[in-house]
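Colleague: Could you have a look at this structure, given as structure tokens, before my questions?
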Amino acid sequence: MGEPRGATLLDFAIGASVAVVPVMFAIVLGVSLFKPADPDAGTAIADGHVSVRQLAALKTFEVAVVARSAGAAPSPSARDVLDGVPACRAEWRNAGEWRAWAERLGLARPVPRPPSPADRIAAHLQALDAALRRLVARPGAPTARPVGLDAARWFAAARDALAAPVQSASYPGQPFRLGCADLAAALGRLVRGEARMLESLPWRGREGPRALATWGAEQQMQVRAQHLMRRNPWRGIAGCIYFGRHDATGVPAYYVAGVRSVQRRICGMPALAAAGALPGEGTGGLRLAAATLDAPGGSTGRWAAIDATTAEQSSRAPQPIAGAPDATTPPGDPRWAVPPSLDAMLQPLEALRQPSGPLYRLATDRDAPASGASDLTQRAPARPNRIQLDGAPVDVGFSIDVTIEPRLQALAQQTAACYTGRHDVCEALGLRRSEDAGRPLGDALLEGAMVRMAAIAIVDVASGRIEALAGARSPCAQAEVEGRVREPGCDGRVPHAARTPPDGLLNPALFHDAMPASTIKPIMAAAFLGAPDVGARWLAVETAAMQRDGAPARDSLRGQLLRSDSARFLDRMFCLESGLSNCARAAHIQAAASAFGWNAGCVDARGVCGTRDLLFGSAPGAAAGAGALMRPIAYGRLLSEPAGGRPGAPMRLMALPEPDRGRVARCAAGADGRRGSDDDWEKCRGGALVDVVAEGWGQGHARASALGVAGMMATLASAANGAPTTIRPHLVDAVRGVAPGRDVEPGAPLAKVAASPGGAAAEPHGLSAEAARVIVSGLSYSHRIGTARSACLQVLDAPACQSLDSVAGKTGTPSFPADGMTLDELGRLCAAVPDGPGAARPAACGGLRPYKWYVAAYRQGAPGAPWTKAIAVLTERNWLRRSGQVHGTGDHGPNPAAEIALQIVARQIGLIGRTAP
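For the sequence shown, the numbering used here assigns the number 706 to the initial residue and increments by one for each residue that follows.
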């Protein structure tokens, strides 16, 4: 029997390995049971987390970013950094400092050394100061005043932050210590990517008074926790935003995606792009669609694809566009096809497009609580919304199909840019005005811009699809809304608004309203032709006159429409032809406005009076539980008043008692006491009567946006086409999900939402086809012999204007008391007004702006074909360089809004050749 074998090294190794297993298990168990003291080490939230120390480090820059003085402070050196924050001297100085001392004494051979942390911090401070200078200089800057970095203030704030413990509401009673590395990392984050983080921060001049009340007196910006939120990378990928459907396949033509965004990988996949609608669903509404999973498709495209119509072009994957244009976008760039502020328009749908959103969880997560989706509390079976990416399943948010037509949007946006001073765009599109006689368009006006602001909305009549939302401002007008009212190169005499509303920087086609002026006349005419006392008789007279050749008679309803005869319309409104007795036509006009989609939400005094949902077209409160998916925007209101007559109070429908006959008669005669003169209805007295008359002029409290006026005209055109219903303007055609062959089951939460808004469904309008055709007939003479003729002659020649019967339009000029005054005269007048809240100011020194309107229906077929589109344009007029007067004085003067619309329409219907962008 052999001797027993001794233990070998291998035996010892095996034994040690076995012993390690329970030790490691105990360590893992301990880590899972005990909460770490450092929030950065282990704190996680379902969809993101915030570093407490990093937030505290970044907030030290709130006191260091200051209004830039005339003399720039010297840039800090590495020595300044070490002296300014002595607690970090040991950590930030170069580790080879002793060798450097020896090299200076000649005791060691010099060798190259990397920069110290202090060197890097000094360089970053200089880079941050330069980035702040660039931030203010570029167009669309988030702050109105020059700002810079005060290094001394930052050193002081850093010293205080290092000395005091950091408290966090997430960890009550558990203080944390800020380290020198946290300060350096925060500075590095601020300057990363050319300091792009600065763009997203709240800045003084962009925040409202309520937010600024919590700021320091000299504080210029603020860092909030949401700016540091890190999204959970395992939570999924945001859905796609598609637009521009090809005719043959229904596959979207384009999608919006940043240059380096992950959407460029997924949005061309058939799993997302080729998802079809549910069988039997109509246009619009909120719907989810089924799709089959497939491999990724292509991702690059060119502008030429926007005009693609062949089957080969239709069959390819949708192409990415990086976003909306800015002030430097060259003509022909694909970005012209994306409406400005599209992200702000679609913001309510982020709860569905982002996989971290509560509505996304409600639709896809079986375990998600019903309370997480606001009013959508009825749960139903949910299923995942996933695609295969690189061989692994990935959650993806729901995709949005918007109704924008890329070619038309690009034409409208570039036309707006041209008329606000982009001469390179004018040249590329071949936009000309006969008055300019070969000079650059708008050369006679300040900035070389025909208008200071242009807002354009185009709606498809049959479907209610919003096909273009364009908006642009001249450089000086843009500086004004950003708070830079004394920008170099801008005429300081031009009156400017005292303050900019919170959404003043957004697309003016939606987020800017004005008194609608004479664009309300189609509404008034519809009320007259439907009035129970005279409507049938007036309709018969106008219908019979339409059968005869020739222009409408001067005193006919159509003749008053084409000439925009406001005084005669007020005669009809107050029943002067019947002796003023038992007149209820103001109430009929109020009801007609509702039939045209205006006055929604005005029955009670609420802040939503005159608004509609942009996404699906519904009225405020039309669907219980759908509020989270609505984007209310100003649409239109007429004959409304503030509750209790208090300025600033919520608006409601105006009470309309029968007016005093004597007052009405004196008001109708004007100051000279003679009927039929130029001052009829212009010198009224008597509070309630004055308010109603002002509304009849389209002034007073009446307000509308470009989209609201376009929607009004689309309703009229739909009625003239013989349709008993209309679909209100809406931006979202579908919200689509990915599924392995079938949509979410009937009754699932998103299916419920799909049925509830109802805004994109057809609504009865109550307008007779005969009355609508009479009104459209009168409007079709506006550019031939009426108020839009001068605008038409700027775009087309006289024979083309005279024969153009495929356009029916209406001009409008809101009141502007400074019409006819020069800038110097206006400046002297307003300078003489004493300061103080009680001082009386002349009307010319008030806040009214020189607007012009134009709205039209047009058709793209043979004479007699249905009306296909409605376009509305709102412009702010500019000032003539030589005379100093505002351009286009009065309702019968030049109308740049009509010019813009006719430039677009003439290219749409082929009167002017289609110029490739």
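Even for Gly, the Cβ is constructed at its ideal location relative to N, Cα and C.
In whole angstroms, give me the CA-to-CA distance for Gly973 and Tyr947.
Modeller: As a working note, residue 973 is residue 268 in the sequence shown. As a working note, residue 947 is residue 242 in the sequence shown. Between Gly973 and Tyr947, the C-alpha separation is close to 10 angstroms.
Colleague: Have a look at the DSSP bridge pairing and note the partners of Ile1171.
Modeller: Indexing the sequence shown from 1 puts residue 1171 at position 466. Ile1171 pairs with Val1164.
Colleague: Give me the Cβ distance between Pro1601 and Tyr1124, rounded to the nearest whole Å; I'm assuming they're in contact under 8 angstroms.
Modeller: Taking the sequence shown and counting its residues from 1, one reaches residue 1601 at position 896. Taking the sequence shown and counting its residues from 1, one reaches residue 1124 at position 419. Right, the Cβ-Cβ distance comes to about 6 angstroms (below 8 angstroms), so this counts as a contact.
Colleague: If you draw a straight line from the alpha carbon of Ser1482 to that of Pro1599, how long is it in whole angstroms?
Modeller: Along the sequence shown, read from residue 1 onward, the residue named residue 1482 stands at position 777. Along the sequence shown, read from residue 1 onward, the residue named residue 1599 stands at position 894. Those two C-alpha atoms are separated by around 23 angstroms.
Colleague: Alpha carbon to alpha carbon, how far is Gly985 from Ala978?
Modeller: Stepping through the sequence shown from its first residue, residue 985 is reached at position 280. Stepping through the sequence shown from its first residue, residue 978 is reached at position 273. Note that Gly985 scores 30 on pLDDT, short of 50, meaning its location in the model is unreliable and no value can be drawn from it.
Colleague: Note the first and the last residue of the continuous alpha helix (DSSP H) segment covering Gln968.
Modeller: As a position in the sequence shown, residue 968 is number 263, starting the count at 1. Its alpha helix (DSSP H) spans residues 968-971.
Colleague: Among Thr1516, Leu1585, Arg1554, Ser1511, which residue has its Cα nearest to the Cα of Ala1611?
Modeller: Along the sequence shown, one-based indexing puts residue 1611 at 906. The candidate whose alpha carbon is nearest that of Ala1611 is Ser1511.
Colleague: When the Cα of Ser1345 is compared with those of Ala1393, Asp1377, Ala1373, which residue comes out closest?
Modeller: On the sequence shown, position 640 is the one that residue 1345 refers to. Ranking Ala1393, Asp1377, Ala1373 by Cα distance to Ser1345 puts Ala1393 first.
Colleague: For Thr697, is the classification buried or exposed, using 16 other Cβ atoms within 10 angstroms of its Cβ as the cut-off for buried?
Modeller: An answer regarding residue 697 cannot be provided, because it is not within the stretch 706 to 1622 covered by the chain.
Colleague: Which runs of the beta strand (DSSP E) spanning at least 3 residues fall entirely within the segment 1263-1318, listed in chain order?
Modeller: Taking only runs of at least 3 residues, the beta strand (DSSP E) segments lying wholly in the segment 1263-1318 are 1316-1318.
Colleague: Is the segment 1531-1540 touching the segment 1378-1397 in the sense that three or more CB pairs, one from each, lie closer than 8 angstroms?
Modeller: The segment 1378-1397 is not in contact with the segment 1531-1540.
Colleague: Is it the case that the Cβ atoms of Gly1341 and Ala1409 are separated by a distance below 8 angstroms?
Modeller: Taking the first residue of the sequence shown as position 1, residue 1341 is located at position 636. Taking the first residue of the sequence shown as position 1, residue 1409 is located at position 704. The answer is yes: Cβ separation under 8 angstroms.
Colleague: Between which two residues does the beta strand (DSSP E) holding Phe881 run?
Modeller: Sequence index remark: in the sequence shown, residue 881 carries index 176 (1-based). From DSSP, Phe881 is part of no beta strand (DSSP E); its letter is neither H nor E.
Colleague: Do you know how far the Cα of Pro1571 is from the Cα of Ser1168?
Modeller: Walking along the sequence shown from the start, residue 1168 turns up at place 463. Walking along the sequence shown from the start, residue 1571 turns up at place 866. Taking the straight line from one Cα to the other gives about 13 angstroms.
Colleague: Consult DSSP for Thr1431 and reduce its assignment to one of helix, strand or coil.
Modeller: Within the sequence shown, residue 1431 is the residue found at index 726, counting from 1. It is a strand residue.
Colleague: Which class does Thr1015 belong to by DSSP, given the choice of helix, strand or coil?
Modeller: Start at 1 with the first residue of the sequence shown, and residue 1015 comes out as number 310. Caution is warranted here: a pLDDT of 32 is assigned to Thr1015, below 50, making its placement in the model unreliable, and no coordinate value can be reported.
Colleague: Identify the residues that DSSP records as bridge partners of Lys1515: which are they?
Modeller: The residue given as residue 1515 occupies position 810 in the sequence shown. DSSP, once it has assigned bridges, lists Val1560 as partnering Lys1515.
Colleague: How would you label Ile1605, buried or exposed, when you count the other beta carbons within 10 angstroms and need 16 or more for buried?
Modeller: Position 900 of the sequence shown, counting from 1, holds the residue named residue 1605. Classification of Ile1605: buried, given that the 10 Å Cβ count is 16 or more.
Colleague: Classify Arg1253 as buried or exposed, calling it buried when 16 or more other Cβ atoms lie within 10 Å of its own Cβ.
Modeller: Taking the sequence shown and counting its residues from 1, the one referred to as residue 1253 is at position 548. Answer is exposed; the Cβ neighbour count stays below 16.
Colleague: Quick check on this structure: which residue in Thr1316, Ala827, Val768, Asp1165 has the alpha carbon closest to the alpha carbon of Ala783?
Modeller: Taking the sequence shown and counting its residues from 1, the one referred to as residue 783 is at position 78. It is Ala827 whose Cα lies nearest to the Cα of Ala783.
Colleague: With 16 as the cutoff for other CB atoms within 10 Å, does Asn1287 come out buried or exposed?
Modeller: As a position in the sequence shown, residue 1287 is number 582, starting the count at 1. Exposed, since its Cβ has fewer than 16 Cβ neighbours within 10 Å.
Colleague: Quick one: residues in its chain with C-beta nearer than 7 angstroms to the C-beta of Val1099, no 5 flanking neighbours on either side, listed in chain order?
Modeller: Residue mapping note: residue 1099 aligns to position 394 of the sequence shown, counting from 1. Once the five neighbours on either side are set aside, the close Cβ partners of Val1099 are Gly941, Ile942, Arg1091, Ile1092.
Colleague: So, using beta-carbon positions, are Ser1045 and Gln1119 closer together than 8 angstroms?
Modeller: Numbered from its first residue, the sequence shown carries residue 1045 at position 340. Numbered from its first residue, the sequence shown carries residue 1119 at position 414. Inspection of the sequence shows that residue 1045 is occupied by Pro rather than by Ser. In this structure, Gln1119 does not lie closer than 8 angstroms to Pro1045 by Cβ.
Colleague: Determine the contact status of Pro907 and Gln927, defining contact as a CB-CB distance below 8 angstroms.
Modeller: As a first step, residue 907 is located in the sequence shown; it is residue number 202 there, counting from the start. As a first step, residue 927 is located in the sequence shown; it is residue number 222 there, counting from the start. Closer than 8 angstroms, so yes.
Colleague: Tell me the rounded alpha-carbon separation between Ala866 and Gln759.
Modeller: Within the sequence shown, the letter at position 161 stands for residue 866. Within the sequence shown, the letter at position 54 stands for residue 759. Roughly 12 angstroms between the two C-alpha positions.
Colleague: Can you name, in chain order, every residue of its own chain whose Cβ lies under 8 angstroms from the Cβ of Asp1435, other than the five neighbours on each side?
Modeller: Taking the sequence shown and counting its residues from 1, the one referred to as residue 1435 is at position 730. Position check: residue 1435 holds His in this sequence, whereas Asp was assumed. For His1435, where only same-chain residues beyond five positions count, the Cβ hits under 8 angstroms are Gly989, Thr1108, Gly1169, Arg1170, Ile1171, Asp1318, Leu1319, Leu1320, Phe1321, Gly1322, Gly1464, Ala1465.
Colleague: Grouping DSSP H, G and I as helix and E and B as strand, with all else coil, what is Asp887?
Modeller: Residue 887 sits at position 182 when you count from the first residue of the sequence shown. Of the three classes helix, strand and coil, the one that applies to Asp887 here is helix, per DSSP.
Colleague: When DSSP builds the beta bridges, which residues end up paired with Trp908?
Modeller: As a first step, residue 908 must be located in the sequence shown, where it is residue number 203. Met926.
Colleague: Can you give the Cα-Cα distance for Asp1141 and Gly1147, rounded to whole angstroms?
Modeller: Reading the sequence shown from its first residue, position 436 is the one you call residue 1141. Reading the sequence shown from its first residue, position 442 is the one you call residue 1147. So the alpha carbons of these two residues sit roughly 7 angstroms apart.
Colleague: I need the DSSP call for Ala1009, collapsed to helix, strand or coil.
Modeller: Here residue 1009 is taken as the residue at index 304 of the sequence shown, counted from 1. With a pLDDT of only 32 at Ala1009, under the threshold of 50, the placement of this residue in the model should not be trusted; the figure read from the coordinates follows. Helix at Ala1009.
Colleague: The alpha helix (DSSP H) that contains Val757, what's its start and end?
Modeller: Stepping through the sequence shown from its first residue, residue 757 is reached at position 52. 757-764 is the span of the alpha helix (DSSP H), which, as asked, contains Val757.
Colleague: For the candidate residues Ala1049, Leu917, Gly1471, Ala1513, whose alpha-carbon lies nearest to that of Gly1491?
Modeller: Translated into positions along the sequence shown, residue 1491 becomes position 786. Measuring from the Cα of Gly1491, the nearest candidate turns out to be Ala1513.
Colleague: Using the C-alpha atoms, what's the distance from Ala1422 back to His1470?
Modeller: As a first step, residue 1470 is located in the sequence shown; it is residue number 765 there, counting from the start. As a first step, residue 1422 is located in the sequence shown; it is residue number 717 there, counting from the start. Between His1470 and Ala1422, the C-alpha separation is close to 11 angstroms.
Colleague: I believe Ala1310 touches Ala1354 by the beta-carbon criterion, under 8 angstroms. Please report the beta-carbon distance rounded to the nearest angstrom.
Modeller: Along the sequence shown, read from residue 1 onward, the residue named residue 1310 stands at position 605. Along the sequence shown, read from residue 1 onward, the residue named residue 1354 stands at position 649. Indeed they touch by this definition, with Cβ atoms about 7 angstroms apart.
Colleague: Evaluate the contact criterion for the segment 1125-1135 versus the segment 1561-1576: three or more CB pairs, one atom per stretch, below 8 angstroms.
Modeller: No, they do not touch.
Colleague: Which stretch, first to last residue, makes up the alpha helix (DSSP H) that contains Ser1487?
Modeller: Start at 1 with the first residue of the sequence shown, and residue 1487 comes out as number 782. Run containing Ser1487: 1487-1490, per the alpha helix (DSSP H) assignment.
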